[in-house]
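Student: Chains as they are written, first to last, in my numbering: chain A, 2 to 665; chain B, 137 to 236.
Beta carbons are placed, not taken as given, at the ideal position from N, Cα and C, and that holds for glycine.
Remember, it's a predicted structure, so these values are computed and weren't measured experimentally.
#1: Examine chain A for any beta-carbon lying closer than 8 Å to the beta-carbon of residue 181/B, and answer yes or no.
#2: Step through the CB atoms of chain B and report whether any lies within less than 8 Å of the CB of residue 167/A.
#3: If you follow the alpha helix (DSSP H) that residue 65/A is part of, which residue opens it and which one closes it?
#4: Quick check on residue 202/B - is its C-beta less than 8 Å from some C-beta in chain E?
#5: Return the residue from the list 368/A, 28/A, 4/A and 256/A that minimises the CA-CA distance to residue 161/A.
#6: Could you compute how far the alpha carbon of residue 366/A sits from the alpha carbon of residue 14/A?
#7: Quick check for students: name the residue ranges of the alpha helix (DSSP H) that lie wholly in the stretch 76 to 119 of chain A, counting only runs of 4 or more.
#8: 8 Å is my cut-off, CB to CB: does residue 22/A come that close to chain B?
#9: Consult DSSP for residue 675/A and reduce its assignment to one of helix, strand or coil.
#10: Quick check: what's the CA-CA separation for residue 493/A versus residue 122/A?
#11: According to a CB-to-CB cut-off of less than 8 Å, which residues of the stretch 214 to 231 of chain B neighbour chain A?
#12: Mind checking which residues open and close the alpha helix (DSSP H) that includes residue 505/A?
#13: Assign residue 110/B to one of three DSSP states: helix, strand, or coil.
#14: Starting from residue 151/A, trace the alpha helix (DSSP H) in both directions and tell me its first and last residue.
#15: Since residue 130/A contacts residue 88/A with CB under 8 Å, what's their CB separation in whole angstroms?
#16: Assuming contact is defined by CB atoms lying nearer than 8 Å, are residue 548/A and residue 403/A in contact in what I supplied?
#17: Applying the 10 Å Cβ sphere with the 16-neighbour rule, what's the burial state of residue 233/B?
#18: Would you call the stretch 58 to 72 of chain A in contact with the stretch 82 to 96 of chain A, where contact means no fewer than 3 C-beta pairs closer than 8 Å?
#19: Quick check on the DSSP output: what are the complete beta strand (DSSP E) runs of length 3 or more inside the stretch 249 to 277 of chain A, in order along the chain?
#20: Rank 112/A, 541/A, 399/A and 249/A by C-alpha distance to the C-alpha of residue 502/A and give the top, closest one.
#21: What residues in its chain sit with their C-beta under 6 Å from that of residue 342/A, if we drop five residues either side in the sequence?
#22: Pull out every residue of the stretch 652 to 665 of chain A whose Cβ sits closer than 8 Å to any Cβ of chain B, in chain order.
#23: Within the 8 Å Cβ cut-off, does residue 635/A reach chain B?
#24: Can you tell me whether residue 163/B is helix, strand or coil according to DSSP?
#25: Looking at residue 92/A: is its Cβ nearer than 8 Å to the Cβ of residue 345/A?
#26: So for residue 619/A, helix, strand or coil by DSSP?
#27: Is there a C-beta anywhere in chain B that falls below 8 Å from the one on residue 631/A?
#28: Can you tell me whether DSSP reads residue 190/B as helix, strand or coil?
#29: Cα-Cα, which of 210/A, 251/A and 147/A is closest to residue 177/A?
#30: In this structure, how does DSSP classify residue 543/A when only helix, strand and coil are distinguished?
#31: If you follow the alpha helix (DSSP H) that residue 562/A is part of, which residue opens it and which one closes it?
#32: With a threshold of 6 Å on Cβ separation, who are the neighbours of residue 307/A within its own chain once the five nearest residues in sequence on each side are excluded?
#33: Rounded to whole angstroms, what is the Cα-Cα separation between residue 683/A and residue 564/A?
#34: For residue 127/A versus residue 17/A, is the C-beta spacing smaller than 8 Å?
#35: Assuming residue 151/B and residue 177/B make a contact with CB atoms under 8 Å, what is their CB distance in whole Å?
#36: Measuring CA to CA, which of 73/A, 311/A and 153/A is closest to residue 205/A?
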C-alpha cells in the first residue's frame, strides 16, 4: 500500500485537469461536482489504506520514502520528486483528504447555480493536490512546491468572486503577505542547506537526511537564524502576528473555501512545517521562545478582536487565527504532538463551524433574495432564533462550539488542555511559562465568550431578520447537512485519541503514534536547563479543572450579555467607546500596516511611475525621437524627387573624390 | 602610342557632354541618349587602352558593355512607355513621387 502513495496527490490532479479543461463544456453540475468529490474521496481511501498498513507495523518501521522520479541533480545538489510517509504525514493526509472530501461534497450543494461552478471545483482539487504535496514531500523543495501551490489556490479561491473589488483586494493581500513569509522560508532553506554543506559536506534538503545529521547542529547561532526564517514563513502561511491580517479578509471567498483552506488545512501548514522540522527548531531555545510568545500573543490578540465583530465569518476567521496561535504555542513549548493534535481537532470543529455558518448564510441569502432585500446575509445582527428553523445546523454548530470552548468531553477540551498544561509545565522557558499559560488561559476564556456570543446571536433569541421573509428560512439540503453531521461527530469524539495519561480511560494513542517523529526533538530538548522538573498530578488535575471553569465563565458572560440582559452590550460600548472602537476596528492593525508599509510602498511606486518612468525613461526615449525628427525636418528638403538632382549630387561626389586623389 | 592622349581627350569630352546632358535635359529619351553617349565614351577609352597595351581584355569589355547597353535600352524604353501611359508625357520633372 505504501508504494501507492503517489496516487494520493494524483487523483486530485486528475480532477483538476478534467474540470479545469473540460468543465466549461461538461456544464452538468452533478458531473463536475461528482468528479471533484470522487477524486479527493479516492485519495482518502488510499490514505486510509496507508494508515491501516502503518498501524499494523511496529513503530520503527513506520517510515517509508518513495521516489517518484529524480528531479534536480546538479553537482552536490539533489532533489527528487519523492514522498515521505510517516506517522505525521499519515495524520495530515487523513485530515486533508477526509475533511477535504466532506467539504467537496458540501460544495456541490453550497455552490449550486454559481457562475463558474467548474472553476471552483478545479481550484479546489488543485488545492488538495498542492496541500498533499506539501505534507508528503520528503524534501524541502517538494514541500515548497506545495507551499506555493496552496498559496496560489488560496489566491484564486479568495478572488473567486473577482468581479467584486473587495474580493480581488483580499486575494492580492493574501498573496502578497504570503510572499513575505515565503521569502523567509526560502532564506531558512538556503541557510540550513549552506550550513550543512559548508561545515559537514552534507549537501541535503531531505528531511530524513537532515534528521540523521541533526546532532551536528549547534544550539542557537545559525540554527536560530534558519529557524526564525522558517518561522517567518509559518507566520505568513498560518496567519500569525505579524502577518495575520490577510486571513480575516480571506473570508471574501466562498464559505467552503474558508472552511477547507482558511481553517482546516492550508493555514495549518506552518504548524506542520515546524512539526516536520521539530528536531531543528528544538535546537534553538530563542526560536522556541519566539514561537511560543508569538503563538500566545496571537491567540489572545485575535480572540479580543473576535469579541466585537458582527460578520459571522469574520468572527470565525479571528477564531481561526487565535486557535492557530494555540497550535504555535504548543510548538513553542515543545509539545509538538499536542500542536498536531489541536491541528486535527481544530480541523474538525472549525470546518464544522464554517460549514455551519455557510449553511446559515445560504439560508439567509435565499430568504433575503426572495424578499428582494439587500440586508447583509452574513451579519449576525440580522439573525437570531435560527435553532428552530435549522435544527441540524444548530446542533452540529453547538457541538463544535462546545469543542472549541474546551468543554469536557468534546475534542477541543483534550487538545487545548494539553497545550495549556504543556505551556505551564514545559522544561524550556523557565519563568516565562506562567505568562504563557496565563495568556493562553485568558485567550481560552475569550474564545468561549466570543464563540457563544456568536451562537447566541445566531441561533437564540428573537429572529431579527425582516419579518416579511422569515417564513422563507429553511434547513439546508442533505448534501450540506451530511458533512455537517459527520464533522459534528468527529468534533465530539475526535479528542479521545489523545486522552491525557492522567485520565487513564484510554491510552494516549496520538502521542504514541507521533512518538517516532518527535522522539529526536524530545531527546534534544532534554538538554535544556529546566528539563526533568516534575509536577504533581494534583496540579495537572487542578489546571484541567481550571481551564474548564474558565471556559464556563466565558460562556456565562456571553449568556448574561446576549441572552438574559440583551441591553448590556450596548451599555458597555457606551461606557467604553474608545475601547469598543479599537476592538471593532481590529486594533487598527490594518491602518498601522497601511501607514508603515503599504503607503510608503505606494508612494515609492508613485515616484517610480510619475518621477522616474514618465520623466527619465520616457524622456530619454522621446528625446531621442525628437532629436531625430528635428534633424530630418531640415534634411528632408534635400530629397527633391527629381532624378537629375540625385544624378548631379552623384556626379559631384565622383568629381570630388577623383579630385581628391588627383590633387592630393 | 603617341595618339592615345587624343583618344582619351575625345572620350573625356564625350563623357562630359553626356553627363551634362543627363543633368540638364528634361526629356527622358534625350537623357537616355546621353547615358548611351557616356557608355560609348567609356567604350572608346577601353578600346584605346586595349590597343595601347596590346591586350584584348578591353575589347572584350566593350562587347559586354554593348550587350548591357542593349538590354538597358530595352528596359529603359519599356519604362518610358509605361511612364507615358500614366503621365501622358516623358518629362522627368513629372517623376517626383519619391520626394518628401
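Tutor: This is what the structure holds:
#1: no
#2: no
#3: First-last for residue 65/A: 65 to 75, but that is the beta strand (DSSP E), not the alpha helix (DSSP H).
#4: The structure shown contains no chain E; its protein chains are A and B.
#5: 256/A
#6: 33 Å
#7: 88 to 111
#8: no
#9: In the structure as shown, chain A begins at 2 and stops at 665. Residue 675/A is therefore absent and cannot be evaluated.
#10: 29 Å
#11: 228, 229 and 231
#12: From DSSP, residue 505/A is part of no alpha helix (DSSP H); its letter is neither H nor E.
#13: This structure does not reach residue 110/B, given that chain B is present from 137 up to 236, and the question cannot be answered.
#14: 141 to 159
#15: In fact, because the Cβ distance is near 22 Å, the residues do not count as touching under 8 Å.
#16: no
#17: exposed
#18: yes
#19: none
#20: 541/A
#21: 416, 499 and 511
#22: 652
#23: no
#24: strand
#25: yes
#26: helix
#27: no
#28: coil
#29: 251/A
#30: helix
#31: No alpha helix (DSSP H) holds residue 562/A; DSSP gives it neither H nor E.
#32: 316, 319, 320 and 451
#33: Given a span of 2 to 665 for chain A in the structure shown, any question on residue 683/A remains unanswerable.
#34: yes
#35: 4 Å
#36: 73/A
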